[in-house]
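> Structure incoming, see below.
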């Protein structure tokens, strides 16, 4: 019997042993990963890498901040953005037979006296040293080999959990390669607020806080956020969960009555512990309530526009009457929020733009309403017509939140102007989201913007934006459009899609981490990427690679979504516009030494003092060196001198030719000036003298022959160039070339010019008929002669003879 019982127990134990092991493993996993889920923000990095997490063997962090991972697929470096693989490649001279990296250790643990950050790697059963300055592997022998093997044994064959210098846990689990970021800030959900969309948070004159949710709960709290009770439809507070109405807004009048706007149940007035429904509104969807200096309540409704409630004046504390008027100029508008200024100006956010009233204290039918909207062709117009809220800071500046266009600051000082100019703040300049729900003033120059999935803080003076999202809160939160409230104890009350939270506002200004900026790669066309660029004191750029890209990273492993970078090159006085781009492109950069400065925010979007200075030397081409420039100057000067000489030479040549031409034409005139007067032998003049540029003896003989020929045959209309060539004993082409060389004209032009000179002289100085002069000058047709005279002198023969101007 006993033996049978033992057998049964043994058999039962064997049957349930696997189940017990599963339960124990589940409890252990729950302890480990449950803590992770509660106290850490966890991401699976398998989604951004090609590493198989089952084959990661070791993780370490070097002194620069890079994370290094050994795996069966090579050695990896992680910079917060990319995993870069280093492994053996065909033809690289590497003796590694595989890429199975089983262990890694920094050289500080092996050869501390000459350590620079290199990595000893165990590849299968061999030891290699990875040189971070050249990105190459080489085999390790001798004492370093033995010491590295000893350290590898201490490390173990595989790591499952690694904590970096920031306190972030890196885990290798069956689910993947996990990054577990500790929750950095403490905050609390407000107990007593229903886990529904919070639509209103209001503080009355007694400091009590009212929080209404979309599911119809209205909770009331003391100033210290201790719970008082829930408002019931009977107007009384109840300690237990009580249904009211979906409250969207509240306002307390001068008598202490509480006006409560709901959707879709309209407006209620709470007096002492009695509540009454206010009838007569243009719509039952009440979104906002604001009181003016006259004690009137302005009501913003969805679809019904704006209404105004006038409360009857009475000194009694009893409930009084009221009158409601609809503002005709706003009929049909979907109005969300109202802001009343001291001078009577009212700003109203609507789904179709920003509505502005010039003075609400004028007769209602005299109020002028202006709508400011997004304009397609005007950059400074409103960024989005769907406006959410409008606030004024301590310096009187006005800001408008929008549904998808970010935050807009009104730049126009005259609020009664027909057109406003706005400055936009959104994702393009660092804000975490363009969906801006609400806004609150934190200080003289800082605003807190409540976006859909984070809080952003804007410094209005510097335009710097800090974002507080998932990594700050420790989980993904969705915020609603109820305006935040600053509590007396320095805490901030913020509305959620699932209730409300409260936290110390000072947490938003504490800079907890200053990330180091490292250079991650240098990329040039037709060149392999240089991943060791961070280890170089100076980046040398050859003349043929002036187009390149420099990548960098702020090593904040919490996440890079909200990290922003700014750069400044050489003598730039201002930093570049902050962007999320972790690289800078250079195109045809000038030769010389350049200084690049890089700065960044941390993972929360907070700017830190982490400026990285990079020296870039761009080598000059031959013609950019001093001797190349000198050669170019000499060549240019030589060209200028040669060009100047040519111009002067040509001008002198033309001048000499012209003088020679004029001289020989004058000679012909002198020889023929008495031909038409026929003087006696005693009156004949001696041979005329030619005053012309000096010619060679041969050229003078040649020109004398030309002159004699022309003088003897000037009246013969039948002579031609061939006759002139024969008279000078040269060919026709030789005659043409010689005449051009000496006179700059052709033989025909010379003959024509001689005939024209003689004709003009005879027309002016003789009374011979024009026809006879034409025949005497070698023209066979007097009409053609007259045409030639007109073309040469601009005058007809008659005008020349009469001396007409």
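Residue numbers (my numbering): 10 to 814.
Note that the Cβ used here is the ideal one computed from N, Cα and C, for glycine as well.
What residue does the beta strand (DSSP E) around residue 525 start on, and which one ends it?
Residue mapping note: residue 525 aligns to position 516 of the chain shown, counting from 1. Segment: none, residue 525 is in no beta strand (DSSP E) and carries neither H nor E.
> Who are the Cβ neighbours of residue 255 in its own chain at under 6 Å, not counting the five residues just before and after it?
Here the question's residue 255 lines up with position 246 in the chain shown. For residue 255, where only same-chain residues beyond five positions count, the Cβ hits under 6 Å are 223, 225, 271 and 272.
> What residue range does the alpha helix (DSSP H) around residue 809 cover?
Position 800 of the chain shown, counted from the first residue, corresponds to residue 809. Segment 806-811, the alpha helix (DSSP H) holding residue 809.
> Assuming residue 764 contacts residue 723 under a Cβ cut-off of 8 Å, what Cβ separation, rounded to an integer in Å, is found between them?
As a first step, residue 764 must be located in the chain shown, where it is residue number 755. As a first step, residue 723 must be located in the chain shown, where it is residue number 714. Confirmed, Cβ separation roughly 6 Å.
> In terms of alpha-carbon separation, which member of 423, 320, 653 and 265 lies closest to residue 333?
The count along the chain shown starts at 1 and reaches residue 333 at position 324. The shortest C-alpha separation from residue 333 is found at 320.
> With burial defined as no fewer than 16 other Cβ atoms inside 10 Å of the residue's Cβ, what is the status of residue 636: buried or exposed?
To locate residue 636, count along the chain shown from 1; it is residue 627. The residue in question, residue 636, is exposed, as its Cβ has fewer than 16 Cβ neighbours within 10 Å.
> Is the Cβ-Cβ distance between residue 493 and residue 457 less than 8 Å?
By one-based count along the chain shown, residue 493 stands at place 484. By one-based count along the chain shown, residue 457 stands at place 448. The answer is yes: Cβ separation under 8 Å.
> Does DSSP put residue 609 in a helix, a strand or coil?
The residue labelled residue 609 in the question sits at position 600 within the chain shown. Of the three classes helix, strand and coil, the one that applies to residue 609 here is strand, per DSSP.
> Would the region 534-550 count as touching the region 96-104 if we require 3 or more Cβ pairs under 8 Å?
Counting Cβ pairs under 8 Å, fewer than three are found: no touch.
> Could you check where the alpha helix (DSSP H) with residue 545 kicks off and where it finishes?
To locate residue 545, count along the chain shown from 1; it is residue 536. Careful: residue 545 lies outside any alpha helix (DSSP H) and carries neither H nor E.
> Mind checking residue 743: buried by the 16 CB within 10 Å criterion, or exposed?
Position 734 of the chain shown, counted from the start, is the residue given in the question as residue 743. Classification for residue 743: exposed.
> Nearest by alpha-carbon distance to residue 231: which of 210, 181, 244 and 241 is it?
On the chain shown, position 222 is the one that residue 231 refers to. Checked all of 210, 181, 244 and 241; the closest Cα to residue 231 is 210.
> To the nearest angstrom, how far is it from the Cα of residue 608 to the Cα of residue 489?
If you number the chain shown from 1, residue 608 lands on position 599. If you number the chain shown from 1, residue 489 lands on position 480. Their backbone Cα atoms lie some 33 Å apart in a straight line.
> Which complete alpha helix (DSSP H) runs does the region 379-440 hold, if anything under 4 residues is left out?
The region 379-440 contains no whole alpha helix (DSSP H) run of 4 or more residues.
> Which residue wins for smallest C-alpha separation from residue 601, given the options 585, 579, 583 and 592?
Residue 601 sits at position 592 when you count from the first residue of the chain shown. Of 585, 579, 583 and 592, the residue nearest in Cα terms is 579.
> So for residue 220, helix, strand or coil by DSSP?
Counting from one through the chain shown, the residue named residue 220 turns up at place 211. In the structure shown, residue 220 sits in a strand (DSSP, three-state: E or B).
> Looking at C-alpha atoms only, which residue of 78, 774, 116 and 115 is the closest neighbour of residue 108?
To locate residue 108, count along the chain shown from 1; it is residue 99. The shortest Cα separation from residue 108 among 78, 774, 116 and 115 belongs to 78.
> By DSSP's criteria, residue 530 is part of a beta bridge. Which residues make up the other side?
On the chain shown, residue 530 is found 521 positions in, with the first residue counted as 1. DSSP, once it has assigned bridges, lists 560 as partnering residue 530.
> Taking all protein chains shown into account, decide if residue 159 is buried (16 or more other Cβ within 10 angstroms of its Cβ) or exposed.
Within the chain shown, the letter at position 150 stands for residue 159. Exposed is the call here.
> For the ligand NAD, any of its heavy atoms closer than 7 Å to the Cβ of residue 143?
As for the ligand NAD, it is missing from this structure, which has no ligand bound.
> In whole angstroms, what is the alpha-carbon distance linking residue 406 and residue 362?
Your numbering for residue 406 matches position 397 in the chain shown. Your numbering for residue 362 matches position 353 in the chain shown. Roughly 19 Å between the two C-alpha positions.
> If you count every other CB in all the chains shown that lies within 10 Å of the CB of residue 247, and 16 or more means buried, which is it?
Here residue 247 refers to the residue found at position 238 of the chain shown. Classification for residue 247: exposed.
> On the DSSP bridge assignment, give the partners of residue 815 in chain order.
With the chain covering only 10 through 814, there is no way to say anything about residue 815.
> Which whole-angstrom value describes the C-beta separation of residue 346 and residue 309, a residue pair presumed to lie in contact below a C-beta threshold of 8 Å?
Here residue 346 is taken as the residue at index 337 of the chain shown, counted from 1. Here residue 309 is taken as the residue at index 300 of the chain shown, counted from 1. The pair is a contact, with the Cβ atoms about 7 Å apart (cut-off 8 Å).
> Determine the closest residue to residue 58 out of 174, 91 and 351, with distance taken between C-alpha atoms.
Counting from one through the chain shown, the residue named residue 58 turns up at place 49. The candidate whose alpha carbon is nearest that of residue 58 is 91.
> When burial is assigned at 16 or more other CB atoms within 10 Å of the CB, is residue 762 buried or exposed?
Residue 762 sits at position 753 when you count from the first residue of the chain shown. Result: buried.
> Based on the DSSP secondary-structure assignment, which residues constitute the bridge partners of residue 178?
Stepping through the chain shown from its first residue, residue 178 is reached at position 169. According to DSSP, residue 178 bridges with 172 and 189.
> My output table needs one value for residue 635: the three-state DSSP class, helix, strand or coil.
As a position in the chain shown, residue 635 is number 626, starting the count at 1. Of the three classes helix, strand and coil, the one that applies to residue 635 here is helix, per DSSP.
> Which first and last residues belong to the beta strand (DSSP E) in which residue 751 is found?
In the chain shown, the residue the question calls residue 751 occupies position 742. That residue, residue 751, is in no beta strand (DSSP E); its alpha helix (DSSP H) goes 741-752.
> If residue 552 and residue 630 are in contact, beta carbons under 8 Å, what's the gap, nearest whole angstrom?
The residue labelled residue 552 in the question sits at position 543 within the chain shown. The residue labelled residue 630 in the question sits at position 621 within the chain shown. Between residue 630 and residue 552 the Cβ distance is about 4 Å, and since that is below 8 Å, they are a contact.
> Could you tell me whether the region 408-418 touches the region 433-452, where touching means 3 or more Cβ pairs closer than 8 Å?
Output reads yes: the region 433-452 touches the region 408-418.
> Please report the straight-line C-alpha distance between residue 423 and residue 429, rounded to a whole angstrom.
On the chain shown, residue 423 is found 414 positions in, with the first residue counted as 1. On the chain shown, residue 429 is found 420 positions in, with the first residue counted as 1. For residue 423 and residue 429, the distance between alpha carbons rounds to 9 Å.
> Rounded to a whole number of angstroms, what is the C-alpha to C-alpha distance between residue 670 and residue 760?
For the purposes of this step, residue 670 is taken as the residue at position 661 of the chain shown. For the purposes of this step, residue 760 is taken as the residue at position 751 of the chain shown. Distance between the alpha carbons of residue 670 and residue 760 is about 11 Å.
> Which of helix, strand or coil does DSSP assign to residue 342?
Numbered from its first residue, the chain shown carries residue 342 at position 333. In the structure shown, residue 342 sits in coil (DSSP, three-state: anything other than H, G, I, E or B).
> Let's see if you can read the secondary structure: which residues bound the alpha helix (DSSP H) around residue 715?
Taking the first residue of the chain shown as 1, we reach residue 715 at position 706. Residues 706-722.
> Between which two residues does the beta strand (DSSP E) containing residue 202 stretch?
On the chain shown, residue 202 is found 193 positions in, with the first residue counted as 1. Element bounds for residue 202: n/a, residue is neither H nor E.
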